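S.K.: First the structure, then my questions, so here it is.
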Amino acid sequence: MIYLLISILSSTAIFVVFKLFKKYEINILQGIVVNYFTASTLGFLLYKGSISPTEIIASGWFIPAIALGFLFIAIFNVLGLTAQKNGLSVASVASKMSVIIPVIFGIIVFNESIGAQKIIGIILALIAVYLTAVKPKENVVLTQSIYLPILLFLGSGIIDTSINYFAPDDKIALFSSTIFTMAAIIGTTLLIGKRIKSKIKFNFKSIPLGIALGLVNYCSIHFLLMALRLENTESSTLFTINHIAILALSTLTGLILFKEKIFKMNWVGIILALISIALVTLA
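Convert by adding 8 to the 1-based position in the sequence shown; the result is the number in the numbering used here.
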């Protein structure tokens with residue numbers, strides 16, 4: 009479980025870094041691009057084998073990795089648009105509810121176990137996502153641009169499912185780096201386009217926090233894949249624990265570090281999250 013714990017802590021750290029982006033007025037796209045270059049470099053440095061571009065291109069996972077690079081950038085933009093049009097609560101719920109996609113995929117495709125206790129745990133987890141993420145005083149508009157949260161839900165679920173399905177057991181670092189490299193190239197292209205269109209200059213303040221984001225971002229994916237590759241582990245169980253633990257821990261981190269207000273329903277969600285983790289784990 010150490011790999012899963014590191015992944016959860018790294019994903020929670022992503023939330024903290026994004027908060028610092030806002031505090032120090034860092035251009036998000038610029039920071040994201042620096043993050044992808046950092047994550048890509050880290051993966052290549054950690055890979056212990058020889059790196060051959062020809063072999064990478066010829067591998068069966070190269071095309072899926074390229075597609076995932078596109079998805080990383082696309083879903084990031086959809087997340088931002090969803091938060092703007094529908095509210096942060098809707099964006100958070102849509103992205104976290106997407107855990108049901110890799111869970112169902114694992115049960116159907118990998119023939120993973122399913123029983124009453126596990127089903128109850130997953131249902132409680134989905135309820136916990138909603139209760140933990142929603143803020144009663146936030147002006148949430150579900151009917152406006154309803155396609156955005158739907159796209160966010162599907163895209164986030166497809167990313168999680170595809171990373172697990174296509175990642176080669178012996179080349180996790182290389183696979184992850186290829187995804188991040190593609191995302192970095194696309195992000196750089198977008199930055200150049202914005203520079204030409206609106207004359208926005210690159211702010212070097214984006215580099216330190218972008219690097220920090222890249223380090224924890226890479227770890228969140230790398231160690232999740234490591235956990236998924238351990239013997240006698242089921243993706244439906246790990247994805248449920250991972251998503252719910254991140255949401256609960258991020259909420260508590262917001263309370264402790266950034267003095268964010270947590271409502272009664274959010275506390276109920278956190279408690280349900282812990283119960284669901286226990287049920288799914290023990291199942």
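Ideal placement from N, C-alpha and C gives every residue a C-beta, glycine not left out. Note that this is a predicted model, so its numbers are computed, not measured.
1. If we call anything under 8 Å between Cβ atoms a contact, is Tyr-44 one with Ala-192?
2. I'd like the list of long-range same chain contacts for Leu-246, defined as Cβ closer than 7 Å, with 5 residues on each side in sequence excluded.
3. Within the continuous alpha helix (DSSP H) that includes Thr-241, where are the two ends?
4. Please confirm if the stretch 277-290 is in contact with the stretch 246-255, defined as three or more CB-CB distances below 8 Å between the two stretches.
5. So, at 6 Å on beta carbons, what are the nonlocal neighbours of Ala-133 in its own chain, with the 5 sequence-adjacent residues on each side left out?
6. Is Gly-123 buried or exposed, if buried means 16 or more other CB atoms sit within 10 Å of its CB?
7. Could you give the DSSP three-state label for Gly-77: helix, strand or coil?
8. State the Cα-Cα distance for the pair Ile-40 and Ala-256, rounded to the nearest angstrom.
9. Mind reading off the beta-carbon distance from Gly-165 to Ile-115? Whole number of angstroms is fine, and I expect it under 8 Å.
10. Hey, Val-137 and Val-101: beta-carbon distance below 8 Å or not?
11. Which residues in the same chain as Trp-69 place their Cβ atom closer than 6 Å to its Cβ, once the five residues preceding and following it in sequence are excluded?
12. With a CB to CB cut of under 7 Å and the five nearest residues on each side skipped, what residues in its chain are close to Thr-196?
13. In three-state DSSP terms, what is Phe-188?
14. Specify the secondary structure class of Met-234 as computed by DSSP and reduced to three states.
15. Enumerate in chain order the residues of its own chain whose CB-to-CB distance from Thr-90 is below 7 Å, with the five nearest sequence positions on each side excluded.
16. Grouping DSSP H, G and I as helix and E and B as strand, with all else coil, what is Phe-45?
17. When you compare each of Tyr-32, Ile-34, Leu-50, Thr-259 to Val-224 by their alpha carbons, which one comes out closest?
18. To the nearest angstrom, report how far apart Gly-201 and Phe-80 are at their CA atoms.
19. Quick test of the definition: if touching needs 3 or more C-beta pairs under 8 Å, does the stretch 59-77 touch the stretch 197-216?
20. Classify Met-105: buried if its beta carbon has 16 or more other beta carbons within 10 angstroms, exposed otherwise.
21. Pull up the CB-CB distance for Ser-214 and Gln-92, whole angstroms please, since I reckon it's below 8 Å.
22. Hey, Ile-270 and Thr-259 are a contact pair by Cβ (cut 8 Å); roughly how many whole angstroms apart?
23. Looking at Ser-19: is its Cβ nearer than 8 Å to the Cβ of Glu-120?
24. With burial defined as no fewer than 16 other Cβ atoms inside 10 Å of the residue's Cβ, what is the status of Thr-189: buried or exposed?
25. Between Gly-123 and chain B, is any beta-carbon pair separated by less than 8 Å?
26. Assign Thr-62 to buried or exposed, taking buried as 16 or more other Cβ atoms, counted over all protein chains shown, within 10 Å of its Cβ.
27. Among Leu-221, Phe-266, Leu-217, which has the Cα closest to the Cα of Tyr-32?
28. For Phe-294, count neighbouring C-beta atoms within 10 Å of its own C-beta (all shown protein chains included) and say buried if the count is 16 or more, exposed if not.
29. Helix, strand or coil: which one does DSSP assign to Ile-10?
30. Which residue's Cα is closest to the Cα of Leu-87: Ile-135, Ile-36, Ser-60, Leu-53?
M.R.: Well, looking at it:
1. Yes, the Cβ-Cβ distance between Tyr-44 and Ala-192 is below 8 Å.
2. Taking Leu-246 as the centre and dropping the five residues before and after it, the same chain places the C-beta of Leu-12, Ala-235, Leu-236 closer than 7 Å to its C-beta, in chain order.
3. For Thr-241, there is no enclosing alpha helix (DSSP H), as DSSP marks it with neither H nor E.
4. The stretch 277-290 vs the stretch 246-255: in contact.
5. Take Ala-133, set aside five residues on each side of it, and the residues of its chain with a beta-carbon closer than 6 Å to its own are Thr-248, Ile-252, Ser-284, in chain order.
6. Residue burial is scored here from C-beta neighbours: Gly-123 has fewer than 16 other C-beta atoms within 10 angstroms and is therefore classed as exposed.
7. Here DSSP, grouped into helix, strand and coil, assigns Gly-77 to helix.
8. Approximately 24 Å, taken between the alpha carbons.
9. Rounded, the Cβ-Cβ distance is 14 Å, inconsistent with contact.
10. Val-101 is positioned such that its CB atom lies closer than 8 Å to that of Val-137.
11. Taken in chain order, the residues that qualify are Phe-174, Pro-176, Phe-183.
12. Apart from sequence neighbours up to five positions away, the residues of its chain that approach Thr-196 with a beta-carbon distance below 7 Å are Val-41, ordered along the chain.
13. Of the three classes helix, strand and coil, the one that applies to Phe-188 here is helix, per DSSP.
14. In the structure shown, Met-234 sits in a helix (DSSP, three-state: H, G or I).
15. Same-chain partners within the cutoff: Val-98, Ala-99, Ala-102, Leu-156, Pro-157, Leu-160.
16. Helix.
17. Check the Cα spacing between Val-224 and each of Tyr-32, Ile-34, Leu-50, Thr-259: the tightest is with Leu-50.
18. Across the structure, Gly-201 and Phe-80 are spaced so that their CA atoms are roughly 18 Å apart.
19. Verdict: no, contact absent.
20. With 16 or more other Cβ atoms within 10 Å, it is buried.
21. The Cβ separation is near 21 Å, so there is no contact.
22. Contact check for Ile-270 and Thr-259: beta-carbon distance about 6 Å, within the 8 Å limit, so the pair qualifies.
23. The answer is no: Cβ separation not under 8 Å.
24. Counting every other CB atom within 10 Å of its CB across the protein chains shown gives Thr-189 a total of 16 or more, marking it as buried.
25. You won't find chain B in this structure, because it holds only one protein chain.
26. Looking at its Cβ environment, which holds fewer than 16 other Cβ atoms inside 10 Å, Thr-62 is exposed.
27. Checked all of Leu-221, Phe-266, Leu-217; the closest Cα to Tyr-32 is Leu-217.
28. The chain is shown from 9 up to 291; residue 294 falls before or after that span and cannot be answered.
29. The answer is helix: DSSP assigns Ile-10 an H, G or I state.
30. Just measuring C-alpha positions, the residue of Ile-135, Ile-36, Ser-60, Leu-53 sitting nearest Leu-87 is Ile-36.
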